[in-house]
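Down below is the structure, laid out as structure tokens.
In our numbering, the protein residues as written are 1 to 100.
Written as structure tokens, this is what we have:
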């Protein structure tokens with residue numbers, strides 16, 4: 001399913017939308033625009049503080065975004081924050097990279 005269709009069909013609401021948009025804003029500031037995926041390091045605690053949401057709410061939102069195919073959460077371990085890969089979707093609704 002196309003990520004823009006998911007957003008347009010109101011399948012991303014409330015806190016889920018806040019988390020997704022915040023991740024996209026961070027990715028836009030830190031990554032090359034020509035990539036098909038943006039990789040960011042964003043500690044969940046920092047995301048919680050910026051959005052004034054609980055750790056459980058943010059974790060649930062990231063898990064839901066993962067199930068929708070909008071982000072990939074790569075566990076690093078060793079007390080380091082996970083790597084989050086944000087899908088780059090062009091304005092026409094097509095994927096720049098095909099399947100994930």
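Yeah, the Cβ is synthetic: ideal placement off N, Cα and C, and Gly gets one too.
Inset, instruction - With distances taken Cα to Cα, identify the nearest neighbour of residue 86 among 14, 15 and 25. - result: 25
Inset, instruction - Please report how far the alpha carbon of residue 76 lies from the alpha carbon of residue 44, in whole angstroms. - result: 13 Å
Inset, instruction - Identify the continuous alpha helix (DSSP H) that holds residue 56 and give its terminal residues. - result: 55 to 67
Inset, instruction - Between the Cα of residue 81 and those of 27, 22 and 46, spot the shortest distance and give me the residue it belongs to. - result: 46
Legend entry - Pair within 7 Å by beta-carbon distance, residue 58 and residue 48: yes
Inset, instruction - Please confirm whether any heavy atom of the ligand ZN lies closer than 6 Å to the CB of residue 16. - result: Although the ligand ZN was asked about, the structure shown includes no ligands whatsoever.
Inset, instruction - Assign residue 22 to one of three DSSP states: helix, strand, or coil. - result: helix
Legend entry - Residues that residue 80 bridges to, as DSSP identifies them: 77
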